[in-house]
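Those sequence lines, one after another, are chains C and Y. Numbering that gives the first Met the number 0 numbers the first residue of the first sequence as 0 and each following residue consecutively. Numbering that gives the first Met the number 0 numbers the first residue of the second sequence as 0 and each following residue consecutively. What follows is one structure encoded as C-alpha cells, with my remarks underneath.
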Amino acid sequence: MKDESIAISLSVNGVKHEAVVEPRTLLVYFLREHLGLTGTHVGCDTSQCGACTIHFNGRAVKSCTILAVQANGAAITTIEGLGREGVLHPVQEGFREKHGLQCGYCTPGMIMSGVSLLQTNPNPTDEEIKHALEGNLCRCTGYVNIVEAVKWAAEKMGGKPQGKGKN
Amino acid sequence: MTTEHTPSGLIGASIRRVEDPVLVAGKGCYTDDIQLPRMLHLAFLRSPYPHAKVISINTTAAKAMPGVEAVLTGAELGERLSVPAIPMVPGMKIPPHPLLARGAVHAAGTPVAAVVAESRAVAQDAASAIDVEYEALPAVTNAEKALEPGAPLAREELDTNICYIATKKGGDVEKAFAQADHIVRMHIASPRLVAMAIEPRGVVAKPEPTGDLTVWISTQSPHRVRADLATAISFPEHRIRVIAPDVGGGFGSKGPLYQEYALACHLALKLGRPVKWISTRSEDFVTTNQGRDQAMTSELALKRDGTMLGLKVRVVANLGAYLQSNTAGPPQRMMAMAPGCYQIQNCHVEVVAVFTNTVSTGPYRGAGRPESVLNIERLIDKAARDLGMDRLEIRRKNFIRPEQFPYRTGVNVEYDSGDYEKSLAEALRLSGYENLIRQRDEARARGELVGVGISTFVEPSGGAGFESGTVRVERTGEITVLTGSSSHGQGHETVFAQIAAEKMRVSMEHVAIRHGDTLAVQQGVGTFGSRSAVMGGGAMAIAIDRVVEKARRIAGNLVEAAPEDIVQADGGFAVAGVPEKKITWRQIAAAAYGRPVPGIEPGLQETVFFDPRREAWGFGAHVALVQIDRETGTPTLEKLVLVDDCGVIINPMIVEGQVHGGVAQGLGEAFREQMLYGDEGEVLTGSLMNYAVPRASDMPPLILGETVTPNPFNPLGVKGVGEAGCNGAPPAVANAVMDALAPLDIDHIDMPYTAPKLWEAIRAHQEKTKK
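Have a look at this one:
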C-alpha cells in the first residue's frame with residue numbers, strides 16, 4: 000500500500016499544504032490526522048451523519064465521502080477556518096446564542112452546512128433550513144434550536160429569515 | 000458577547016453556555032482528537048454470527064503483516080480478564096463476559112480477536128486477515144420466544160434463558176381483582192432502540208513511566224468506570240487516572256466499562272505504548288448498550304366509576320447476551336414506577352429478565368421510565384374506552400393528590416412532591432384541548448383518521464447512590480468547584496457556575512467548574528438518570544454553605560466582629576448594617592491560607608458526599624394530535640404540547656434544550672426507530688442506512704410549557720428533566736394514534752408507528768369489514 004503513496008497539494012483554510020498520502024486515505028482522516036484539524040468529526044461509516052462536513056471549493060460536502068487524493072488542487076475550509084482569530088462567524092455565534100448545541104460533536108458539521116446554506120440562500124424559511132440540514136444528524140438538540148441558530152445568523156448577516164415554513 | 004452577569008438573579012436565568020465558544024470553533028477535545036507519540040491503534044475482528052462455537056482462529060497472516068504489533072485471541076488472554084457485572088438483583092445469573100470470546104460467541108459483534116498496529120488502517124486490514132472457523136448454533140433474539148419451551152439457550156453455560164425474576168408488590172392484589180367491575184388486559188412491547196450518540200465510543204490508554212495508567216474514555220461515569228477497569232484488568236484503582244474529555248453524547252449508553260476499554264489498557268500496559276480504540280458506527284450498532292426491548296403483559300382492575308383498584312404487570316426484559324454493569328437497571332426502574340401518577344395501592348409487578356443472542360441492553364435515555372409510562376398510560380386509555388369514560392376524568396379521579404405527598408406508592412416507593420392536575424391543566428390550556436377534540440371530531444366525520452392523545456407521567460431523577468462536590472476558594476479568592484457529576488453535553492460548566500456564583504455572590508467568571516478527571520476530582524458517580532442538578536447540584540450547594548459558614552467566621556475574625564454580624568455581600572461579606580465595611584473573598588482566602596486564624600483550621604475548601612436517600616420525582620403532561628393518511632398509513636404529528644415540572648429551574652434555556660432532545664428521541668421511538676434481528680438472529684439494522692434516527696425535517700413544531708413544584712427535599716429545590724421528553728411524548732403519540740384508529744376498532748399497535756405498519760392495520764380492518 001505504502002509504495003503506491005501519492006503526492007497531493009491543496010489549500011486548507013487558506014494555507015497551502017503538500018503531502019504524500021495512501022490512495023485510500025479519506026479526506027476527513029487527512030484533515031484530522033495529517034493536519035491535526037480535529038474540529039472535523041467522524042460520526043459514522045456510511046456517510047449519513049454529516050459530522051465531517053467541510054467546504055470543498057466552496058460547497059458543503061461530507062469529507063468522509065472523498066479521498067484525500069481527490070482533493071488535490073482543491074480549496075478546503077474546515078470549522079477552524081471559519082470566522083477570524085478571536086471573532087466567531089455569525090453561524091457559530093448563532094449556535095451559541097440560540098443554544099443550538101449540547102455535546103457539540105455534530106456542531107462543526109452543522110455549522111458548515113448552515114454557512115453553506117446561507118451563502119446560496121440568505122433568507123431561508125424554516126423548511127429550507129431543515130432541508131439543508133437533512134444530511135446532518137444531531138441526537139442532543141432535537142434540531143429545534145439549530146434551526147433557530149441558522150435563522151439568527153441569517154438575520155445577523157443581513158438576510159431576513161421568513162419565520163415559519165411554507166407548509 | 001460576554002458572560003458578565005451580576006451575581007444575583009443567576010439562578011433562573013437563560014445564561015448562554017460557558018462551554019460553547021470552544022465547541023463552535025471546532026476546538027473541543029474528544030477522545031479521538033487525542034494523539035500521542037508512539038501511539039498504537041486497536042481493531043477487532045467480530046463475530047458475524049449471533050451464536051456459534053469458535054472452532055479455530057488462524058492469526059498467522061495478520062501477525063505477518065507489516066506494522067502489526069500484536070494479535071490476541073481469547074485463548075491467549077486467559078481466564079483472568081473479564082468485564083465485571085454487579086449483581087444488581089440478588090441471585091441473578093452472571094455468565095462469563097470475557098474481553099475476547101473464549102470458545103463461543105453469543106451475539107453478533109462479540110470480539111473474537113484483537114489487533115494492535117501502527118495505524119488504524121493497518122489494524123483493520125490485519126483484523127480482516129484473521130481466519131475464524133465457526134460452528135453456528137441456534138440463536139434466539141426475542142425475549143418472549145426465549146421463554147418458550149424448547150427455545151435455544153442463548154448462553155449454553157446456563158440451563159435456562161432466565162437471568163433473574165424480581166417482584167415488587169404491595170397491598171392485596173387478589174382481593175382488588177376479586178372486587179373489580181372491569182379488568183383491562185394488554186400486551187405492550189417497547190421497541191429495541193440504539194442510543195446513537197453522534198460520537199462513537201472510544202478510549203486512549205497510556206502507560207506512564209511511573210507504572211501508572213492514564214486513560215481517556217468517552218464516558219458518563221469516570222470514577223465508576225475506573226473502579227470496574229481496575230477489577231477487569233487486576234490493576235490498582237489508585238494508579239489509574241481516568242479522564243472523560245469532551246464527550247459527544249451518551250444518553251446512558253456511555254455509562255459502563257466496555258470490554259474494549261479494558262483490552263486497550265491491558266495491551267497498553269503489556270506493550271508499553273499508548274493504545275487507541277475508536278468504535279466505528281457499525282461496531283457501535285453491535286456493541287454499545289441498547290435500550291428498551293421490554294414486553295409488558297398487564298392487567299388493570301377498576302371499579303365501574305373508573306377507580307383503579309389493582310395492577311398486575313409481568314415484564315419480560317431482554318438483557319442481550321452479556322451483562323454490562325448496568326444492564327439490570329432499566330427493568331428495576333420499570334418496576335419502581337409501574338403505577339405512574341396514580342393511587343394504585345394493590346400492585347404486583349414481576350420482571351423476568353432474559354438472555355438472548357443480542358447486544359446487551361442497559362440504560363438509554365429514560366431507562367425503564369418510558370416503558371413504564373407507556374404501559375400505564377396505554378392501560379388507562381384503554382380503561383377509559385372500555386368503561387365509556389372520558390380519559391381526563393379517569394386520570395383526575397386516580398391521580399395522587401398534592402396533599403398526599405410525600406406519597407408511598409403500591410410498589411413501596413416514595414414520591415417527594417407533585418401536582419399532576421396542575422401540569423395536566425396547563426397542557427390542556429396550551430394545546431387548546433377542546434378545540435383539538437372538535438377538530439378531531441370534524442375530521443372523523445369526514446372519514447379522516449385523526450386522534451388526540453394524552454400522557455401524564457412521573458420522571459424520577461437523582462438516585463444511584465451519592466454524588467460529590469468540592470468547593471475551594473483559591474488563594475486569590477477565585478472559586479474552583481470539583482463535581483463528581485461529569486458532563487457530556489448537559490452544560491454543567493454553565494449551570495453549576497450559575498448556582499455557585501449566585502450563592503457565593505460573585506460573577507460567573509469568578510467560578511471554574513471542573514469535572515471528568517479522577518485525578519482532580521474526589522470520588523464521584525456521574526451523569527445519568529436526570530441526576531446532575533439534583534445530586535451534583537445538591538452536593539455543591541451544601542459544600543458552598545459550609546464554605547460560606549467558615550468564611551463568615553474568618554471574616555468576623557478579620558474585622559473583629561461576631562460571625563453572626565457578618566452577612567454575605569457582592570464579592571464576599573460585609574458587617575451587618577455597615578455595607579461599606581466589606582471583606583472580599585480575596586481577603587478571606589489570604590487569611591485562610593496565610594496567618595493562622597485562632598480556632599479555625601487553615602484552608603477554605605469543603606467536600607460533600609450528598610445522598611438524600613430519596614429520588615426527586617418530576618412530572619408532566621404531554622398532548623399530541625396525530626393524523627394518519629388512510630391511503631398510505633403515513634402518520635403526521637400535527638401538534639405536540641409538553642408541560643414539564645422539574646421543580647426550581649436554574650437555566651430555562653438548558654431545560655428547554657433537554658426537553659427538545661428528549662422529545663426528539665421519544666419521537667424516534669414512536670415513529671421510526673427499531674433495532675431489528677432476522678429469523679436466524681442476524682442483524683438487520685446495523686447502520687444508519689437502515690436504522691432511522693430523526694432528522695431535522697422529522698421534527699414537528701413543539702409547544703413547551705412548565706409548572707414549578709419545588710422539591711422540598713433538595714437544597715436547590717430542583718428535580719431532573721433530562722428524560723422527561725422521552726417519557727411523556729411516546730405514550731402521548733401512542734394514545735393519539737390509537738385514538739385516530741379507534742373508528743376502525745383497533746385496540747393496540749406497538750411502536751414504532753411506521754407507515755407500512757399502520758397501513759397494514761388499516762387494510763386488515765378493511766378486509767374484515769368487507770367479509
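Glycine residues also receive a C-beta, built at the ideal position from the N, C-alpha and C atoms.
Inter-residue spacing [alpha-carbon to alpha-carbon] between residue i and residue j
i	j	result
F572 (chain Y)	A588 (chain Y)	12 Å
E298 (chain Y)	V312 (chain Y)	7 Å
V577 (chain Y)	T479 (chain Y)	29 Å
I436 (chain Y)	T355 (chain Y)	44 Å
T1 (chain Y)	P110 (chain Y)	Confidence is the limiting factor: at T1 (chain Y) the pLDDT is only 37, short of 50, which leaves the residue's position unreliable and the question unanswerable from this model.
R79 (chain Y)	M38 (chain Y)	26 Å
A763 (chain Y)	Y29 (chain Y)	50 Å
I498 (chain Y)	A550 (chain Y)	18 Å
T58 (chain Y)	G464 (chain Y)	45 Å
H659 (chain Y)	F527 (chain Y)	17 Å
A179 (chain Y)	A426 (chain Y)	31 Å
Q34 (chain Y)	H40 (chain C)	14 Å
E236 (chain Y)	W276 (chain Y)	21 Å
A532 (chain Y)	G724 (chain Y)	17 Å
G134 (chain C)	I379 (chain Y)	40 Å
L518 (chain Y)	R225 (chain Y)	11 Å
G661 (chain Y)	V707 (chain Y)	19 Å
L41 (chain Y)	D171 (chain Y)	56 Å
A135 (chain Y)	K52 (chain Y)	6 Å
C48 (chain C)	I197 (chain Y)	8 Å
K770 (chain Y)	L146 (chain Y)	37 Å
S7 (chain Y)	I110 (chain C)	34 Å
T408 (chain Y)	P597 (chain Y)	52 Å
G164 (chain C)	L117 (chain C)	Summary for G164 (chain C): the model assigns pLDDT 40, below 50, so the residue's position carries little reliability, and this model does not support an answer.
G77 (chain Y)	R694 (chain Y)	45 Å
D377 (chain Y)	C139 (chain C)	Note that residue 377 (chain Y) is Arg in the sequence shown, not Asp. Spanning the two alpha carbons is a distance of roughly 27 Å.
8 Å Cβ cutoff met for residue i and residue j
i	j	result
L308 (chain Y)	L301 (chain Y)	yes
G450 (chain Y)	A243 (chain Y)	no
P221 (chain Y)	V241 (chain Y)	yes
I56 (chain Y)	V121 (chain Y)	no
I78 (chain C)	P107 (chain C)	yes
V358 (chain Y)	G667 (chain Y)	no
V372 (chain Y)	F456 (chain Y)	yes
A760 (chain Y)	A669 (chain Y)	no
P714 (chain Y)	I541 (chain Y)	yes
A59 (chain C)	C105 (chain C)	no
F773 (chain Y)	D415 (chain Y)	The structure shown does not extend to residue 773 (chain Y), since chain Y is modelled only from 0 through 770, so no value can be given for it.
N288 (chain Y)	P255 (chain Y)	yes
H105 (chain Y)	A320 (chain Y)	yes
A142 (chain Y)	V353 (chain Y)	yes
T5 (chain C)	V68 (chain C)	Per the sequence presented here, residue 5 (chain C) reads as Ile, with Thr not at that position. Against a cut-off of 8 Å, the Cβ pair of V68 (chain C) and I5 (chain C) comes out as a contact.
The ligand HEM heavy atom lying under 7 Å from the CB of residue i
i	result
F29 (chain C)	The ligand HEM is not part of this structure, which contains no ligands at all.
Residues bridged to residue i (per DSSP)
i	result
N57 (chain Y)	Y:D130
Q289 (chain Y)	Y:V193 and Y:T360
M185 (chain Y)	Y:S297
K275 (chain Y)	Y:H40 and Y:V203
N713 (chain Y)	Partner(s): none; N713 (chain Y) has no beta bridge.
L310 (chain Y)	Y:L299 and Y:C346
T635 (chain Y)	Y:Q626
Assumed close pair residue i, residue j - CB separation to whole angstroms, cut-off 8 Å
i	j	result
I582 (chain Y)	L603 (chain Y)	The pair is not a contact, with the Cβ atoms about 13 Å apart (cut-off 8 Å).
V348 (chain Y)	K167 (chain Y)	5 Å
F618 (chain Y)	Y432 (chain Y)	Actually they do not touch by this definition, with Cβ atoms about 18 Å apart.
S430 (chain Y)	V640 (chain Y)	4 Å
M156 (chain C)	P121 (chain C)	7 Å
M534 (chain Y)	E458 (chain Y)	Rounded, the Cβ-Cβ distance is 15 Å, inconsistent with contact.
Three or more C-beta pairs under 8 Å: does that hold for the stretch 39 to 56 of chain Y against the stretch 677 to 685 of chain Y?
Between the stretch 39 to 56 of chain Y and the stretch 677 to 685 of chain Y, the count of Cβ pairs shorter than 8 Å is three or higher; the stretches touch.
Assess contact between the stretch 8 to 22 of chain Y and the stretch 95 to 106 of chain C, defined as three or more Cβ pairs (one per stretch) separated by less than 8 Å. Is contact present?
As far as the Cβ criterion goes, the stretch 8 to 22 of chain Y touches the stretch 95 to 106 of chain C, which means the pair count is three or higher.
Specify whether the stretch 331 to 343 of chain Y and the stretch 198 to 216 of chain Y touch according to this definition: at least 3 beta carbon pairs, one from each stretch, less than 8 Å apart.
Output reads no: the stretch 198 to 216 of chain Y does not touch the stretch 331 to 343 of chain Y.
Does the stretch 361 to 375 of chain Y come close enough to the stretch 276 to 285 of chain Y to have 3 or more Cβ pairs within less than 8 Å?
Counting Cβ pairs under 8 Å, fewer than three are found: no touch.
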